[in-house]
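Those letters in the sequence shown? Residues 1215 to 2120, by the numbering used here.
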Amino acid sequence: MGTDGDTNQDVSRNDVFKGVTYYIVGNISDKVTALLEQNGAKRDSYLSEMVSIVIADSTTSDDYSEAKELFELPIVTSDWVILSIKCKKQLPKEIFFLEGKLFSGVVACPSEIDDEDVLSVWGMLFYHGAKCQLHLDGGVTHLITTSVLGPKYTSAIREGDKIKIVTPDWITDSITKSELQNEEIYHPRLLQYPKPQAPTPPPELSTDYDLDPSHASSDAFPPHDLMDVSPSQQMFSVKANSARQQVTFDDRLETARPDTPSAKEALARKISSRIYSKSSSEPTTPEKPSVPLQPVGSPGSSGVVRVIPPVPQIGLQPRIDQTNIRNTLRNITNRAVVPGSVPLRSSMPVPAPKMNPLVGMSMPPQPRPPPPDYPFPQKAAPVPAPLPLPPQQVSGPMPVAPTQTPASMVPTPPASNPQTQTGAVYCGHDPKENVPPDLCLLGCVFCIVDYQNILGSGEVVAWKKVIEQYGGQVESSYCNRVTHVLCSNQKSEVFKMALKEGKRVVTAFWLNDCLMNKKMVPPWEALHLPLSFHSEKPGFNQMISVTNFDGEERLRLKQMINAIGAKYTGYMTHHNSALICKKPGGMKFEKAKEWRIAVVNVQWLSDLVLGNMDALRLPVHVRYLQVGQGREFHMDLSRVSHLMGGWKTALKINKETWKRFRPSIITSNGQENINTNGPSPPKRQKVDSTSPAPDVDQSVPKVLFTLYPKSQVSRLEAIVKKLGGMTVTNPRHCTHLVCPSLVRTIKFFIAINTCRYVVTKEWLEDSMSQDRFLDESDYVLKDESGEAALHCNLAESLRRAQNRPLFQGLTFYISPSVVPPICELMSIIDSAGGVLVKRRPSVKQIVASLDEKGHPKIIVITCLNDLHLSTDLRNRKLPIFNAEFILTGVMRQELDFNTFRIMATQ
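Below is the structure:
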């Protein structure tokens, strides 16, 4: 329904949209923007991966296509904002998508329907993407009515085929069958109304009813319970009162019956279609379980959001709260955290290691679906599947640790005696062993190889503690007791010995996924087995993009792409060599076809991870071109049967192991999960850089804190308020930055461009003892080691920033993959007087901006992952820079056009 009601009615400020970063596309009401800001959302002026949701009421804008296809962000209408506030929680976003809904593009107008039924019709249409209105105008596409009378019906008839006239069962049938039905057979003139039953019992009727209305008389219809009564008459009340209907029931019955040949044919088609659809149509996937909301402003709504009970014909099921399930599972697995082993995430990026620590090791494991059934579906015999690859070789990063496995990858638990297509039986623990989920590694003895060199011994020690928490053991060197060898590749001598002796060889990905599922089962994905290559990676010098994948599936694809040594890009250009596609459709898919870029499925990538180099041959085999088939993440076990020998024998747990853990099994009763929960990993807080400046006297100190713990900040904020100052959250408005040391945080980078003093907390503590703000000169931050490391002088930097904005007169362009993200760099640039543009200026414009020293006024900031986007600039030897031009530049308050320039040979 429309949402133009009083959206401000009793809406107090809350945190409905806390943590939401939104981007506006097209013309959105200022009222909607104000509601977002008042309820905790932050607006971003540029499309980037930092944006969590896009608000748009039209699909015509270029920004809409960019947000949907290139950044793959969720795009909702402004109704989502208004109705979420009325419900006091964020509603499911998929209900408010502009495209892809069943009734997208439908503008419906009800007529001659009872007010209560209008609400049901309106709710169903709105939930499935239609727009509804009470007045009939040129924008209406469908008139919903049960009568051939009324001014709206007359007006719609005059419009011809422009407005489709249908009964409400067109809506319910379309929803039930998950596709729009033919409107012609749902015209209200084809409705048949039941004849009133006689007071005496009806005569016996033959069971062979004539479905042709041309041969049926009024006395030949079956009893009322067997009559072909329209669903709209079963669901929606038709009130034949004198105000709306000027004909008697018998007259209306005669009027409604089709008499013309065309009407008879239409009715016959209608009946045939329904009979055929019931007998031959395949079952369809039900709509996402939810209860439609009665939109605000509907007739009889009185401004209150009313939950409409689901209509039985729609087939909706109660929604399962996945969020609660996720939180519950996360609480259960939080016990895997080793106190003190959770690394704090720094505000600024540091050089990433070749492989990140396991999610299950260095932070609380995330909930994961169970592993799949063995055997996997029978797959075709492996055939060479090609893709053009340049001969250049670039060493790529090792795979990063997984977070979650999509349900599509791992649907159901394995059978007790699974038999694969190779004829081998693979299993984990002996099915007779009743292994508790919290001790899923009971009886497993691990030997960790390779990872000490990749991550360092410190991380491996943390892994050992987690493995022991789940009942496993770790041996420092390979021996007969070892049951599992944890290694990243197949090149070590330990791997060869373990394979020869029939041990289970797995990777950290497998261990992490088992911890998530709390069950030790055979590997089911390509990343679960050691890589057959080490330095010679099959995906060298390749740039791969993905489309139509979301969330956990996208993360897993990134890990697989990194594993083969290729480069992942969140966008797609002519430089990409392959597009991993889940289903046909979308801008990336169309552009890949246009640019003749290979569009392949996940199986192509999975085979490369397993070392199948035949997948690189031309032409691309049809097995890799079949997208949208599902279960693509399952590996082909026929290719890895030589690595699965250790899984043919079930793992039995000896009595000594049971005795050692049995007391904790008996007494825990699940309670240790509550007592041993580790702290959740700290989240990187977003810096407020958009709030307006406070309207106070310029002489009042405006204080901002960074790097101090929350408990200390609360105490210091109280001191500021007691002394007559004020605290701010936007670094651009602070006059005093209180900080313990010289650090590279977003707050520091912004504040150094605008604040007057950087002081320590002693300034406030001593001021409290004197009951007034003391002179800042005695409390300025002095960090000699920090200044030496950054090659800067803080006092000199503050003086330069106050004399002249560093980036005044400069224009910046930042490529998509630069870290920190564009939104944070934009805040820094803006605070230093610079300007950021969304589209890269042309070579001609950059050349024109060069001064007599060859320094540009248009600064292009990029990174190694995006160098292909600036090939034309490098060919012309035009200067391009990395992010340190901005970050280190503001710390030193100087423009260094040499140190941070990316050379053309890189």
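Beta carbons are placed, not taken as given, at the ideal position from N, Cα and C, and that holds for glycine. Remember, it's a predicted structure, so these values are computed and weren't measured experimentally.
Whether residue i touches residue j by CB criterion (8 Å)
| i | j | result |
| --- | --- | --- |
| Gln1756 | Ala1712 | no |
| Glu1998 | Asn2007 | no |
| Ala1777 | Leu1741 | yes |
| Val1696 | Lys1710 | no |
| Leu1857 | Val1708 | no |
| Tyr1838 | Trp1818 | yes |
| Val1295 | Ile1269 | yes |
| Asp1902 | Asn1868 | no |
| Phe1847 | Glu1739 | yes |
| Ile2094 | Thr2076 | yes |
| Ile1794 | Leu1771 | yes |
| Leu1865 | Asp1644 | yes |
| Gly1686 | Cys1658 | yes |
| Leu2050 | Phe1963 | no |
| Asp1277 | Val1239 | yes |
Under the three-state DSSP convention, the category residue i falls into
| i | result |
| --- | --- |
| Val1674 | helix |
| Ser1689 | The sequence given here has Glu at residue 1689, not Ser. Glu1689: strand per DSSP, three-state reduction. |
| Lys1307 | helix |
| Ser1940 | One detail in the question is off: residue 1940 reads as Met in this sequence, not Ser. DSSP places Met1940 in strand when its eight states are reduced to three. |
| Lys1935 | helix |
| Pro1324 | strand |
| Leu1440 | No answer about Leu1440 holds up, because its pLDDT of 33 lies below 50 and its placement is not dependable. |
| His1947 | helix |
| Asn1703 | strand |
| Arg2090 | coil |
| Lys1916 | strand |
| Ala1722 | helix |
| Arg1770 | helix |
| Arg1958 | coil |
| Arg2115 | strand |
| Phe1317 | coil |
| Val1649 | coil |
| Arg2106 | helix |
| Leu2050 | strand |
| Leu1713 | helix |
| Asp1229 | coil |
| Leu2083 | helix |
| Leu2039 | helix |
| His1401 | coil |
| Thr1390 | helix |
| Glu1263 | coil |
| Ala2062 | helix |
| Thr1904 | coil |
Counterpart residues of residue i in DSSP-defined beta bridges
| i | result |
| --- | --- |
| Thr1235 | Lys1256 |
| Ile2072 | Thr2025 |
| Cys1661 | Glu1689 and Val1699 |
| Ile1269 | Ile1238 and Val1290 |
| Val1952 | Phe1919 and Val1973 |
| Phe2095 | Ile2075 and Arg2115 |
| Leu1865 | His1643 |
Interface flag, residue i vs chain C, CB-CB below 8 Å
| i | result |
| --- | --- |
| Cys1701 | The structure shown has no chain C; it contains just one protein chain. |
Practice prompt. Assess, as a yes-or-no matter, whether the stretch 1858-1873 is touched by the stretch 1719-1736 under the definition of 3 or more beta carbon pairs within less than 8 Å.
Written response: Using a Cβ-Cβ distance cut-off of 8 Å, the stretch 1719-1736 and the stretch 1858-1873 are in contact, since at least three pairs of beta carbons, one from each stretch, lie closer than that value.
Practice prompt. Scan the stretch 1339-1387 and note each continuous alpha helix (DSSP H) run of 4 residues or more that stays entirely inside, going in chain order.
Written response: Counting whole runs of 4 or more residues, the stretch 1339-1387 contains the alpha helix (DSSP H) stretches 1365-1372.
Fill in: Length at least 3, wholly inside the stretch 1772-1850: the beta strand (DSSP E) runs in chain order
As far as the stretch 1772-1850 is concerned, its whole beta strand (DSSP E) runs of at least 3 residues are 1792-1795 and 1812-1814.
Worksheet item: Is the stretch 2067-2078 touching the stretch 1962-1970, taking contact as three or more C-beta pairs under 8 Å?
Response: No, the stretch 2067-2078 does not touch the stretch 1962-1970.
Practice prompt. Could you say if the stretch 1694-1711 and the stretch 1661-1671 meet the contact criterion of at least three C-beta pairs nearer than 8 Å?
Written response: Yes, the stretch 1694-1711 touches the stretch 1661-1671.
Worksheet entry | Runs of alpha helix (DSSP H) wholly within the stretch 1960-2030 (minimum 4 residues, chain order) | Contiguous alpha helix (DSSP H) elements confined to the stretch 1960-2030 occur at 1960-1968, 1976-1984, 1998-2004 and 2008-2017, taking only those with 4 or more residues.
Item to complete: Report yes or no: do three or more beta-carbon pairs, one from the stretch 1972-1990 and one from the stretch 2017-2027, lie closer than 8 Å?
Response: Proximity of the stretch 1972-1990 to the stretch 2017-2027 falls short of the contact definition, fewer than three beta-carbon pairs being nearer than 8 Å.
Discussion item. If contact is defined by three or more beta carbon pairs under 8 Å, each pair taking one atom from either stretch, is the stretch 1956-1965 in contact with the stretch 1926-1933?
Written reply: No, the stretch 1926-1933 does not touch the stretch 1956-1965.
Practice prompt. At 3 residues or longer, and completely inside the stretch 1736-1766: list those beta strand (DSSP E) runs for me, N to C.
Written response: Within the stretch 1736-1766, the complete beta strand (DSSP E) runs of at least 3 residues are 1757-1761.
Worksheet item: Counting only runs that start and end within the stretch 1271-1303, where is the alpha helix (DSSP H) found for 4 or more residues in a row?
Response: Runs of the alpha helix (DSSP H) inside the stretch 1271-1303: 1276-1279 and 1293-1301.
Discussion item. Can you confirm whether the stretch 1324-1337 touches the stretch 1301-1311 when touching is taken to mean that 3 or more C-beta pairs between the two stretches lie within less than 8 Å?
Written reply: In short, these stretches do not touch, since the Cβ pair count stays below three.
Discussion item. Between the stretch 1250-1265 and the stretch 2038-2057, can you find at least three pairs of beta-carbon atoms closer than 8 Å?
Written reply: In the pairwise beta carbon analysis, the stretch 2038-2057 is classified as touching the stretch 1250-1265: at least three pairs are separated by under 8 Å.
Worksheet entry | Cβ contact check for the stretch 1367-1374 and the stretch 1388-1398: 3 or more pairs under 8 Å | With a cut-off of 8 Å, the stretch 1388-1398 and the stretch 1367-1374 do not count as touching, because too few Cβ pairs lie within range.
Item to complete: For the stretch 1354-1364 and the stretch 1308-1323, state whether three or more C-beta atom pairs, one from each stretch, are separated by less than 8 Å.
Response: In the pairwise beta carbon analysis, the stretch 1354-1364 is classified as touching the stretch 1308-1323: at least three pairs are separated by under 8 Å.
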